[in-house]
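S.K.:
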Amino acid sequence: MTTLIQRPTSHRLEQQQEDRQKVPVHSHHPDVRLFGLTVFLVADGMTFAGFFAAYLTYRAVNPLPVNAEYELELLLPAVNTLLLLASSLTFHRGSKVLMAGSMSTCRSWLLLTAALGVAFMAGQMWEYFHLPFGLTDNLFASTFYALTGFHGLHVTLGAMMILIVWWQAGTEGRFTAENHFGFAAAELYWHFVDGVWVVLFALLYLL
Amino acid sequence: MTTNALPASPHPVEVQHHTPWHEYFGFSLDHKVIGIQYLVTGFFFYLVGGALAGMIRVELVTPLSDFMARDTYNQVLTLHGTIMIFLWIVPVVNGAFGNYLVPFYVGARDMAFPRLNAVAFWMLPPAGFLLMSSYFVGGAAQSGWTAYPPLSITTPAVGQVVWIISVLLLGGSSIFGAVNFIATILKLRQPGLDLFQLPMFCWAMLGTSVLVVLATPVLAGALILLSMDIVAGTGFFNPALGGNAVVYQHLFWFYSHPAVYIMVLPAFGLVSEILPIHARKPLFGYRSMIYSILGIVFLGLIVWAHHMFTSGTPPWMRLFFTIATAIIAVPTGIKFFNWLATLWQGKLALNSALLFCCGFIFNFVFGGITGVALAQVPFDVHVHDTYFVVAHFHYIVFGGTVFVIFAAIYHWFPKISGRLLNEHLGRLHCLLSFIGFNVCFFPQHWLGLNGMPRRVAEYDPQFQLINQISSVGALILAISTLPFLVNVFLSMWKGVPAGDNPWRACTAEWLTSSPPPVENWLHEAPLVTEPYDYGSTEDAMSVTTVRGRDLWSAGR
Amino acid sequence: MPIPGSILTLVAGVFLALISLWVGQNINLMPVAAADDASTVDALFKVLFSIGVGLLLGITAMLVVALVHFRRRSGDHLDGPAVEGNLPLEIFWTAVPAIVILIVGVYSYDIYARMGGMADFSHHTSMPPQENVETASSGHPADPETVIWGGIDRAEGAAFPVEVTAMQFAFVFHYPQQNFTTGELHLPLGQPVELQLKSNDVIHAFWVPEFRLKQDVIPGQPTVLGFTANRQGNYDIICAELCGPYHGGMRSKVVVEDAENFEKWLMRNTPATVATAPESSQTA
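Listed below in structure tokens is the structure:
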């Protein structure tokens, strides 16, 4: 249970907005924004769930033409999966270090996380250019690009968020052990993107 | 008698307007301003959608397609459905009343994320105008609000893509709103306010928001795939390219059936707030009302394929979805019996708010009965995609939700504006709406049973008389809006000052001034643990002096 | 002594039940029934209609009585009784609808199964097995174009086949045994038929209100509709799924005629080359 601390009641909205800026909202209920983000990620996850459901239905009921059965190259995606999982670990390390109060080490971990994310994207790009099929070749190809593309969009956004957080962390006192919403949000989002990839990898490459 | 005889506020003071008018056109963060922005914007689109409905009914006066071009007719029905659902009902029952009331009910001074709230609202007008402008730029989408492929892939692409973009914006707005409601209701409650002490509308909004969060993204995903089919030439839903058109229907209805509950659950909540106050009795069966909301939310997510009984779905699917659909009638029925029991032995003030609620009960029970009939596959096979279905869902969303929206406007207008609406005009509005609505949609059941499919511009001449009766009903319905508009504009400036609590209500929005100050209460937020504390017991308080304020401060 | 309320309620309930039964059985809202299972669907509708009328009348009566009897008199500012619930009553009105709905559900499932709605088509192809040899196009058994995706059919085996192709904006009927194509569907009276439906462009729906049957015709997903017409006459075939600008005009005729006239019609339309071929058409 969280509370709103009494703020001076004003008759004019502008004044209220100034009050908000003076007293940041999250100091009143620090967990609500993360909770909100979690709810939003549930929604985002449902988009993926819809895609996965469509993909599984296609697999079950729409047999592909004989020339459209592909053996996907597994090595690169497997390495990519490891990269992404490692990036979740490095982010987690960074957050541990932040809790301990060592900001410069935390920034290094952040940079490493972002680098792993970019490496993942580079791997995806390389795979895209070397696949034997294009977007509109057949149902599997379209589904493959739609799923990985939508996920890649998430990874790109996440990497940008990490870099922003890294840049913000350069300001002294921007994130503290108690007050680091932006950092925590980026971390939650990044773990979410990783989790989705694991499911996606299992369904698209292994199944 | 009734409302006019109610004791006026002890000191009928002049109404004070706290919010300068230009706030309503800006990026305001005040949940009450945003609520009113939703309400007025939604009502504007209601008039647009109503005009489109009028065009449909004019076309159907004769059996020939003679009023407008055939493809224009399809654009009109597509816009009518999309606007009424996504720009009128969903934003108004969720955005308008949810934003206005939920912070009061949880004892908060605003929503959890005021900025996100404003962003969510401001996605609405661009989406709406984008949608309408597509009509003038190359023609709007013409594949119905369902946008079934392959038709939506083969009709002119520009209109369809604009339709998709606009629905994606509206869906995003809806998701942002839902995140806000869930966070506000679960995390921003006053200390000491238990979940099981919340007014029913909070529970309804919680259930609705869960549905929005779980279902809307799936529609977004389906529309993204559909737009790829249209723009990039993929074949997800295009059988000519090896795709599967029925997968779209599954994804679409996974959202669009819960969308019905996204439209009616908040209306149920509003009725649960309005009835006890005007019946002067506690809400009957508070707990069972909550459990039935939760039951509807759960069942609402697993009934979508009853829209596809004729789509060649596997038999086990039809069996499962028949049973799940029919079972939804049980929790819904509980709510209606509870409302009847709330009215029974009450002291009913026969004012516009209560009468609109009673109209809602009649219409929705009617629509619910035809809904249970439609859940039975053998019967659905006959009437699926006919005017029977058109009549059924208008009984649910118009006779149900829109009637409740009007009831809610009559009920909360005094709080929003500080002035009462005129009761004579209000009851005229209610009477005309009820007659017009039933004359318009009741005969359509017969049309569907006897062979008139939906979404047609031309029909068998044997149906002409009934269609003309229906069109007369639509005309009455259009006329019924006039007393309402006159009433609102007259009362806004010249209405009887309402005072803080004209209905002697217990809930927290009435325990402050009308209109409320920016952060809802000048004093500390009242802790309302018994929102339905009406009704006399042996130690009844003196009736001429008792007010809601006394009830909560007496610690009961 | 006044009449006890419980007796009045009982009388009102009996009266309500009688009215709704009478309305359900005697007010006919459906068009004529022209197929074997149409009358069973009508029987289901009558049951639903009776229940619906009873429920609607009952609730409306309660509502009107409440509005009249419990209206607030002028000068009365008392509240009603503080009744917050009644558990036995709530259990009652949860259990009764649940039971009614389950019974109706089982009943409608039974009807649907009798119509052939629960038939499994997964091993069924759009060509009857004996035709496979002669039809070159049905070579690949797993070809999605020939797999039946769903529909309503009792799968009696001896049904007379007709291929129905839907397109913007017409239905075309092909008689495979006689090998001719027509724009008007003729069906033999009292003989099982199997319509094999497929679409060339967008989704259509094949609906004959008098047969109480409707089946979506989905491109890429052939479906079947099996039934027996049992009443002579001309009926409308209506497209029930929005399929484009001329959707409202997409209709056709089905003519149900007795065996003699049907055979004559078949003979008249059968191309000469096939008419001289073996008597397979007559035995169908």
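Residue numbers (full-length UniProt numbering), protein chains in the order written: chain P, 1 to 207; chain Z, 1 to 556; chain V, 1 to 284. All C-beta atoms in this analysis are idealised placements derived from N, C-alpha and C, irrespective of residue type, glycine included.
1) Does E71/P pass the burial test, meaning 16 or more other C-beta atoms within 10 Å, or should it be called exposed?
2) Does the beta carbon of W22/V sit closer than 8 Å to a beta carbon anywhere in chain Z?
3) Which ranges would you report for the alpha helix (DSSP H) in the segment 197-270 of chain Z if only whole runs of at least 4 residues count?
4) Buried or exposed for M267/V, please, with buried defined as at least 16 other CB atoms from any protein chain shown within 10 angstroms of its CB.
5) Mark R419/Z as exposed unless 16 or more other C-beta atoms lie within 10 angstroms of its C-beta, in which case mark it buried.
6) For chain V, find out if any of its Cβ atoms is closer than 8 Å to the Cβ of E458/Z; answer yes or no.
7) From the DSSP output, which residues share a beta bridge with K198/V?
8) Strictly below 7 Å CB to CB, what residues from chain V border P217/Z?
9) From A17/V to G54/V, what distance separates their C-alpha atoms?
10) What's the gap between the Cα of V106/V and the Cα of L211/Z?
11) So D120/V contacts chain Z; which residues on that side make the cut at Cβ distance below 9 Å?
12) Between G151/V and chain Z, is any beta-carbon pair separated by less than 8 Å?
13) By Cβ distance, which residues of its chain are closer than 8 Å to G495/Z, with the 5 residues on each side in sequence left out?
14) The segment 110-131 of chain Z: which residues have C-beta closer than 7 Å to a C-beta of chain P, in chain order?
15) Please list, in chain order, all residues of the same chain as Y459/Z whose beta carbon is under 6 Å from its beta carbon, the five residues on each side excluded.
16) Compute the Euclidean distance between the alpha carbons of I323/Z and Q376/Z, then round it to the nearest angstrom.
17) At 7 Å on the CB atoms, spell out the chain Z contacts of F45/V, in chain order.
18) Is the shortest distance between the beta-carbon of Y534/Z and the beta-carbons of chain V less than 8 Å?
19) Could you give the residue range of the alpha helix (DSSP H) that holds Q444/Z?
20) What residue from Y534/Z, S536/Z, T529/Z and D533/Z has the CA that sits closest to L193/Z's CA?
21) Roughly how many angstroms separate the alpha carbons of K264/V and S65/Z, rounded to a whole number?
22) Do you know offhand how far residue 317/V's Cα is from H445/Z's?
23) Whose C-beta lies closer than 7 Å to the C-beta of T136/P among residues of the same chain, with five residues either side of it excluded?
24) Could one say the Cβ of K335/Z lies closer than 8 Å to chain V's Cβ atoms, at least one of them?
25) Tell me the residue span of the beta strand (DSSP E) that contains L527/Z.
26) Listed from N- to C-terminal order along the chain, which residues in the segment 140-156 of chain P have their beta-carbon within a distance smaller than 9 Å of any beta-carbon of chain C?
27) By Cβ distance, which residues of its chain are closer than 6 Å to H174/V, with the 5 residues on each side in sequence left out?
28) Interface residues of chain V around I361/Z at Cβ under 8 Å?
29) If you follow the beta strand (DSSP E) that E458/Z is in, where does it begin and where does it stop?
30) List the residues of chain Z that G52/V touches, going by C-beta distances under 9 Å, in chain order.
31) Taking the alpha-carbon of L147/P as reference, which of S209/Z, N74/Z, G221/Z and P156/Z has the nearest alpha-carbon?
32) Below 8 Å between beta carbons: does that hold for H429/Z and F484/Z?
33) Taking the C-alpha atoms as reference points, what is the distance between F35/P and N180/Z?
34) Smallest Cα separation from W254/Z: which of F298/Z, A127/Z, H411/Z and L482/Z?
35) If you count every other CB in all the chains shown that lies within 10 Å of the CB of I7/V, and 16 or more means buried, which is it?
M.R.: For this structure:
1) For this step, residue 71/P is matched to residue 71 along the first sequence. Result: exposed.
2) Sequence index remark: in the third sequence, residue 22/V carries index 22 (1-based). W22/V does not count as touching chain Z.
3) 200-231
4) Against the third sequence, residue 267/V aligns to sequence position 267. M267/V is exposed by the Cβ-count criterion.
5) As a first step, residue 419/Z is located in the second sequence; it is residue number 419 there, counting from the start. Looking at its Cβ environment, which holds 16 or more other Cβ atoms inside 10 Å, R419/Z is buried.
6) If you number the second sequence from 1, residue 458/Z lands on position 458. So yes, E458/Z belongs to the interface.
7) In the third sequence, residue 198/V corresponds to position 198, counting from 1. K198/V pairs with T165/V.
8) Here residue 217/Z corresponds to residue number 217 of the second sequence, with the count starting at 1. Those do not exist, as P217/Z stays about 25 Å from chain V at its closest Cβ, beyond 7 Å.
9) Sequence index remark: in the third sequence, residue 17/V carries index 17 (1-based). Sequence index remark: in the third sequence, residue 54/V carries index 54 (1-based). The alpha-carbon atoms of A17/V and G54/V are separated by roughly 6 Å.
10) Residue numbering aside, residue 106/V sits at position 106 when the third sequence is read from its first letter. Residue numbering aside, residue 211/Z sits at position 211 when the second sequence is read from its first letter. Computed Cα separation, rounded: 29 Å.
11) As a first step, residue 120/V must be located in the third sequence, where it is residue number 120. P314 and P315, listed in chain order.
12) Locating residue 151/V in the third sequence gives position 151, where the first residue counts as 1. In terms of beta-carbon proximity, G151/V lines the interface with chain Z, with at least one pair separated by less than 8 Å.
13) Working through the second sequence from its first residue, we reach residue 495/Z at position 495. S417, R419, L420, L421 and N422.
14) A112 and F113
15) Position 459 of the second sequence, counted from the first residue, corresponds to residue 459/Z. Shown here for Y459/Z: same chain residues with a beta carbon closer than 6 Å to its own, the five before and five after excluded, namely P63 and M452 in chain order.
16) To locate residue 323/Z, count along the second sequence from 1; it is residue 323. To locate residue 376/Z, count along the second sequence from 1; it is residue 376. So the alpha carbons of these two residues sit roughly 9 Å apart.
17) Start at 1 with the first residue of the third sequence, and residue 45/V comes out as number 45. By Cβ distance, chain Z contributes F379.
18) Indexing the second sequence from 1 puts residue 534/Z at position 534. Yes, contact with chain V.
19) Counting from 1 along the second sequence, the entry for residue 444/Z is found at position 444. The continuous alpha helix (DSSP H) containing Q444/Z extends over residues E423 to N450.
20) In the second sequence, the residue the question calls residue 193/Z occupies position 193. Per the Cα distances, T529/Z.
21) Indexing the third sequence from 1 puts residue 264/V at position 264. Indexing the second sequence from 1 puts residue 65/Z at position 65. Between K264/V and S65/Z, the C-alpha separation is close to 38 Å.
22) In the structure as shown, chain V begins at 1 and stops at 284. Residue 317/V is therefore absent and cannot be evaluated.
23) On the first sequence, position 136 is the one that residue 136/P refers to. Cβ within range, chain order: S142.
24) In the second sequence, residue 335/Z corresponds to position 335, counting from 1. For K335/Z, the answer is no, since every Cβ of chain V falls outside 8 Å of its Cβ.
25) Indexing the second sequence from 1 puts residue 527/Z at position 527. No beta strand (DSSP E) contains L527/Z, which DSSP labels as neither H nor E.
26) Of the protein chains in the structure, P, Z and V, none is chain C.
27) Residue 174/V sits at position 174 when you count from the first residue of the third sequence. So the list reads E163 and T181, once near-sequence residues are dropped.
28) Residue mapping note: residue 361/Z aligns to position 361 of the second sequence, counting from 1. Simply I59 and L63.
29) Taking the second sequence and counting its residues from 1, one reaches residue 458/Z at position 458. Here E458/Z belongs to no beta strand (DSSP E), and DSSP marks it neither H nor E.
30) Translated into positions along the third sequence, residue 52/V becomes position 52. Here the neighbours are F366, I369, T370, V372 and A373.
31) Numbered from 1 along the first sequence, position 147 holds the residue referred to as residue 147/P. Ranking the options by Cα distance to L147/P, first place goes to G221/Z.
32) Mapped onto the second sequence, residue 429/Z falls at position 429. Mapped onto the second sequence, residue 484/Z falls at position 484. Yes, the pair counts as a contact, with Cβ atoms nearer than the cut-off.
33) The residue you call residue 35/P lines up with position 35 of the first sequence. The residue you call residue 180/Z lines up with position 180 of the second sequence. Rounded to whole angstroms, F35/P to N180/Z spans 10 Å at the Cα level.
34) As a working note, residue 254/Z is residue 254 in the second sequence. The sequence shown places Phe at residue 254/Z, not Trp. Checking every option, the nearest Cα to that of F254/Z belongs to F298/Z.
35) Indexing the third sequence from 1 puts residue 7/V at position 7. The residue in question, I7/V, is exposed, as its Cβ has fewer than 16 Cβ neighbours within 10 Å.
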